[in-house]
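This report concerns only the one structure given below.
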Amino acid sequence: MAPPPHLLPLLLGRLVVSGDLRRCPAHLRRIVPLLPSHPHLAAALCAVHFPLFPSSSATFLHNILIRASASSASPRLSFAAFSSLLRCGLVPDRFTLPPLLGSAGKLPAFPRTGAQAHAQAVRRGFLADVFVVNALLAMYGALRDAASMREVFGSCAGVADVVSWNTVIGGYVKCGEMESAKRVFDEMPRRNGVSWSTMVGGYAAAGELDVAREMFDRMPAIGRNVVTWNSMVTGFARHGLLPLARKMFDEMPVRNLVSWNAMLRGYSVNSDMDGARELFDVMPEKDVVSWTCMISGYAQAGRYQDTLELFRAMQTESNVQPNEVTMVSVLSACANLTALEEGRWVHAFIDKHKMVLNNEYNLGAALIDMYAKCGRTDIAVKIFHSLDRKNVSAWNALITGLAMNGNARDSVDAFEQMKRTGEKPNDITFVGVLTACAHGGLVDEGRRCFQSMASTCGVQPEVKHYGCMVDMLGRAGLLEEAEELIRSMPMAPDVMVFGALLGACRMHKRFDVAERVQSEIHSLNLNAQQSGCHVLISDIYAAAGKWFDVLEARQVVQRGLASGNGHDRFKILAEA
1 MAPPPHLLPL LLGRLVVSGD LRRCPAHLRR IVPLLPSHPH LAAALCAVHF
51 PLFPSSSATF LHNILIRASA SSASPRLSFA AFSSLLRCGL VPDRFTLPPL
101 LGSAGKLPAF PRTGAQAHAQ AVRRGFLADV FVVNALLAMY GALRDAASMR
151 EVFGSCAGVA DVVSWNTVIG GYVKCGEMES AKRVFDEMPR RNGVSWSTMV
201 GGYAAAGELD VAREMFDRMP AIGRNVVTWN SMVTGFARHG LLPLARKMFD
251 EMPVRNLVSW NAMLRGYSVN SDMDGARELF DVMPEKDVVS WTCMISGYAQ
301 AGRYQDTLEL FRAMQTESNV QPNEVTMVSV LSACANLTAL EEGRWVHAFI
351 DKHKMVLNNE YNLGAALIDM YAKCGRTDIA VKIFHSLDRK NVSAWNALIT
401 GLAMNGNARD SVDAFEQMKR TGEKPNDITF VGVLTACAHG GLVDEGRRCF
451 QSMASTCGVQ PEVKHYGCMV DMLGRAGLLE EAEELIRSMP MAPDVMVFGA
501 LLGACRMHKR FDVAERVQSE IHSLNLNAQQ SGCHVLISDI YAAAGKWFDV
551 LEARQVVQRG LASGNGHDRF KILAEA
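Position 351 of the sequence shown, counted from 1, bears residue number 351 in full-length UniProt numbering, the numbering being contiguous throughout.
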């Protein structure tokens, strides 16, 4: 039985002091798989203790460490272990390179690692070993390097087996090269269920559902397994064809949890949360994916109360533990309901279960956002400063949170600090800082930020950024400059841009500008988007006592309502 990872340093220390580490290699065989969570211990053992064993045992221990690192959260450690093996004068064997190549496939940000692993395979003469060849093909497929995969496959055709062919097909599918995948599939000397399932799944994922269904129907019944069925269900659901997805789901001879989750996700991503709930309630078993799919679906559909109620049910009615993805959606619900007490409880739950705030799920950013939307920017700032790594999402949550709470200067200062740290702002960052400038009257700072978007940060301004600028200039009474900015836009302005300018016209009683805006709206033929602006125009005319114009503007609104033009969307503008 392996020791708990947190006790590993203590245990190793005792084994070294007692001499048992040298006398009993079996201890090391149990300990080495745990070393990826302790890279400094791994380095010390490789440098000091592994060389004390005979070369065959030392190579074996290095191989265990390489394999353990490849399947860990730190695949780069595989290369450190491999370097140690070479420094010790050891010779890699046929078991060394496959996990090393697997690690390289997980490191697209470090393309040289893959090339180095390939070079080792060539140098050591392992390209005649089908296991190494298959690992090499899988690496290039994972790296989306179709050209290198094709070259390896062509040069090693003599040793290729059915796994090699399937790996190449899967690699082409990952690269989105379905024609190449089909060519290899047609050339295969012998196909199996994996070959067919990969092709069906590839076509389904690419949205070529007719071809996917044709291949599915041609597929030998004996090879049509639950994976193939799941690919079809997922493909139909992902592209909004819920009736067809449900038909396939109902026809499945055997379903597994993945099948249920695929159908559940289909309902969720297509905003049919009632259909999702009906399916969820009859599922024979549920895992964290099932619960998270429902909770996230409710949050994305704006059903925040349902989000929190289902999360409570998850705690009381199941033994399934939520993960970081679950908690991001729960925090989103708390934020949008400004439910501070529930948000505090969720924060305590996250701390209790030692969930990671600094990962790709941006749990830390979700916490910052929740506290900011609940008005507790003091806690939001503390959480931000507690993060070990502050990515763009964390900065965006802080900048936007400060802006929405009236801390304009602090928001702009945070933006400047972000740039100093080297973190690159994105489009959301600029919406946050420009909003801060608009609400804080920081016109000069707003102009500088806007001008620096493309020139300094490589972010091309979008309609939403122009809308923020128009809002800022309008609030400051610079309506002519706002008009000129709209005229200079490289894309057509939308109702949000005109709504911001009309709001400024109402604020500053600039009826002349409002009339010009009205003409622009008519000339651009905004159709369904007109009614929201006409509500604002009606208010402006009313303030000026132009009652005939008020009547005309309101008649336009009524016509929009009668034709189903979506007036509700723009009611928000009128009430802003």
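Glycine is no exception: its CB is placed at the ideal position from the N, C-alpha and C atoms.
So, helix, strand or coil for D186, using DSSP?
For the purposes of this step, residue 186 is taken as the residue at position 186 of the sequence shown. DSSP places D186 within a helical segment (H, G or I) once states are collapsed to three.
Return the residue from the list C156, C468, T292, D369 that minimises the CA-CA distance to A128.
In the sequence shown, the residue the question calls residue 128 occupies position 128. The shortest Cα separation from A128 among C156, C468, T292, D369 belongs to C156.
For D287, which residues from the same chain have a beta carbon less than 8 Å from its beta carbon, with the 5 sequence-adjacent residues on both sides left out?
Here residue 287 refers to the residue found at position 287 when the sequence shown is read from its first residue. Contacts found: L257, N261, V320.
Given this structure, state the Cα-to-Cα distance separating A366 from E341, to the nearest angstrom.
Residue 366 sits at position 366 when you count from the first residue of the sequence shown. Residue 341 sits at position 341 when you count from the first residue of the sequence shown. Going by the C-alpha atoms only, they are around 16 Å apart.
Top-ranked residue by Cα proximity to Y466, from G458, T456, Q451
Looking up residue 466 in the sequence shown gives position 466. Nearest option by C-alpha distance: Q451.
Quick one: using the 10 Å Cβ neighbour count with 16 as the cut-off for buried, is E151 buried or exposed?
Position 151 of the sequence shown holds residue 151. Residue burial annotation: E151 is exposed, with fewer than 16 other C-beta atoms found within 10 angstroms of its C-beta.
Is the distance from the Cβ of G171 to the Cβ of M199 below 8 Å?
Position 171 of the sequence shown, counting from 1, holds the residue named residue 171. Position 199 of the sequence shown, counting from 1, holds the residue named residue 199. No, the pair does not count as a contact, with Cβ atoms beyond the cut-off.
Buried or exposed: which applies to P284, given that a residue is buried once 16 or more other Cβ atoms fall within 10 Å of its Cβ?
For the purposes of this step, residue 284 is identified with residue 284 of the sequence shown, where counting begins at 1. Exposed, because fewer than 16 other Cβ atoms sit within 10 Å of the Cβ of P284.
Could you say which of E481, V517, H508 lies nearest to M496 if we only look at CA atoms?
Reading the sequence shown from its first residue, position 496 is the one you call residue 496. Considering only alpha carbons, the answer is V517.
Using the beta-carbon count (16 or more within 10 Å), is residue 577 buried or exposed?
No information on residue 577 is available, as it lies outside the stretch 1 to 576 that the chain covers here.
Tell me whether E251 sits in a helix, a strand or coil according to DSSP, three-state version.
Position 251 of the sequence shown, counted from the first residue, corresponds to residue 251. Here E251 sits in helix by DSSP.
Is T400 buried or exposed, if buried means 16 or more other CB atoms sit within 10 Å of its CB?
Locating residue 400 in the sequence shown gives position 400, counting from the first residue. Only buried fits T400, as 16 or more other CB atoms lie within 10 angstroms of its CB.
One question on the structure: do K296 and F280 come within less than 8 Å of each other, judged by their Cβ atoms?
Taking the first residue of the sequence shown as position 1, residue 296 is located at position 296. Taking the first residue of the sequence shown as position 1, residue 280 is located at position 280. Residue 296 is actually Ser in this sequence, not Lys. Contact flag unset, no.
Given A237, which residues of its chain have a CB within under 6 Å of its CB, disregarding the five upstream and five downstream residues?
Here residue 237 refers to the residue found at position 237 when the sequence shown is read from its first residue. Listed in chain order, the non-local C-beta contacts of A237 below 6 Å within the same chain comprise A245, G266, local neighbours out to five positions each way being set aside.
Please go through the same chain and pick out, in chain order, the residues whose beta-carbon is closer than 6 Å to the beta-carbon of N426, but skip the five residues on each side of it.
What you label residue 426 is simply residue 426 of the sequence shown in a count that begins at 1. Scanning its chain for C-beta atoms nearer than 6 Å, with the 5 sequence neighbours on each side dropped, one finds around N426 the residues V392, in chain order.
F216, enclosing alpha helix (DSSP H) - first and last residue:
One-based indexing of the sequence shown puts residue 216 at position 216. Per DSSP, F216 is one residue of the alpha helix (DSSP H) stretching across 209-218.
Does the distance between the C-beta of V211 and the nearest non-hydrogen atom of the ligand SAH fall short of 7 Å?
Absence of the ligand SAH is noted for the structure shown, with no ligands found whatsoever.
For V32, count the other beta carbons within 10 Å of its own beta carbon; 16 or more makes it buried, fewer makes it exposed. Which is it?
Counted from its first residue, the sequence shown places residue 32 at position 32. Answer is buried; the Cβ neighbour count reaches 16.
What first and last residue would you give for the alpha helix (DSSP H) that runs through K509?
Numbered from its first residue, the sequence shown carries residue 509 at position 509. It is not in any alpha helix (DSSP H) - K509 carries neither H nor E in the DSSP assignment.
What residue range does the alpha helix (DSSP H) around R475 cover?
Within the sequence shown, numbered from 1, the residue matching residue 475 stands at position 475. Boundaries of the alpha helix (DSSP H) around R475: 463-475.
From the DSSP output, in three-state form, read off S411 for me.
Start at 1 with the first residue of the sequence shown, and residue 411 comes out as number 411. In this structure, DSSP gives S411 a helical state, which the three-state scheme calls helix.
Option nearest L85 by Cα separation, candidates S488, S195, S55
In the sequence shown, counting from the first residue as 1, residue 85 sits at position 85. Here the closest residue by C-alpha is S55.
Taking all protein chains shown into account, do 16 or more other C-beta atoms lie within 10 angstroms of the C-beta of M491, making it buried, or fewer, making it exposed?
The sequence position of residue 491 within the sequence shown is 491, counting from 1. Flag for M491 reads exposed.
Between the C-alpha atoms of T326 and T292, what's the straight-line distance to the nearest angstrom?
Along the sequence shown, read from residue 1 onward, the residue named residue 326 stands at position 326. Along the sequence shown, read from residue 1 onward, the residue named residue 292 stands at position 292. Roughly 5 Å between the two C-alpha positions.
DSSP three-state label for P111, please.
On the sequence shown, residue 111 is found 111 positions in, with the first residue counted as 1. Residue state, collapsed to three classes: helix.
Would you kindly report the start and end of the unbroken alpha helix (DSSP H) that includes R447?
As a first step, residue 447 must be located in the sequence shown, where it is residue number 447. Element bounds for R447: 443-457.
Supposed close pair residue 586, D161 - CB separation, criterion 8 Å:
Examination of residue 586 is not possible in this model, given that the chain is present from 1 through 576 alone.
Roughly how many angstroms lie between the CA atoms of R183 and M355, to the nearest whole one?
Within the sequence shown, the letter at position 183 stands for residue 183. Within the sequence shown, the letter at position 355 stands for residue 355. Going by the C-alpha atoms only, they are around 46 Å apart.
State the DSSP-derived secondary structure class of K286, mapped to helix, strand or coil.
Position 286 of the sequence shown, counted from the start, is the residue given in the question as residue 286. It is coil, neither helix nor strand.
Drop a sphere of 10 angstroms on the beta-carbon of C505, count the other beta-carbons inside from all chains shown, and report buried for 16 or more, exposed for fewer.
For this step, residue 505 is matched to residue 505 along the sequence shown. With 16 or more other Cβ atoms within 10 Å, it is buried.
What separation, rounded to the nearest whole angstrom, lies between the Cα atoms of F255 and G441?
By one-based count along the sequence shown, residue 255 stands at place 255. By one-based count along the sequence shown, residue 441 stands at place 441. Checking the displayed sequence, the identity of residue 255 turns out to be Arg instead of Phe. Straight-line Cα distance between these residues: approximately 59 Å.
Rounded to whole angstroms, what's the CA-CA distance from S531 to A482? Just pull it up for me.
Counting from 1 along the sequence shown, the entry for residue 531 is found at position 531. Counting from 1 along the sequence shown, the entry for residue 482 is found at position 482. Any answer about S531 is weak, because its pLDDT of 48 lies below 50 and its placement is not dependable; what the coordinates show is given next. In this model, S531 and A482 are separated by some 22 Å (Cα to Cα).
If contacts are defined as beta-carbon pairs under 8 Å, then G193 and N225 qualify, I think. What distance do you get, rounded to the angstrom?
Start at 1 with the first residue of the sequence shown, and residue 193 comes out as number 193. Start at 1 with the first residue of the sequence shown, and residue 225 comes out as number 225. Correct: roughly 6 Å between the Cβ atoms.
Please state whether DSSP places M404 in a helix, a strand or coil.
Taking the sequence shown and counting its residues from 1, one reaches residue 404 at position 404. In the structure shown, M404 adopts helical secondary structure according to DSSP, grouped into three states.
Span of the alpha helix (DSSP H) holding R312?
Locating residue 312 in the sequence shown gives position 312, counting from the first residue. For R312, the uninterrupted alpha helix (DSSP H) run begins and ends at 304-317, by DSSP.
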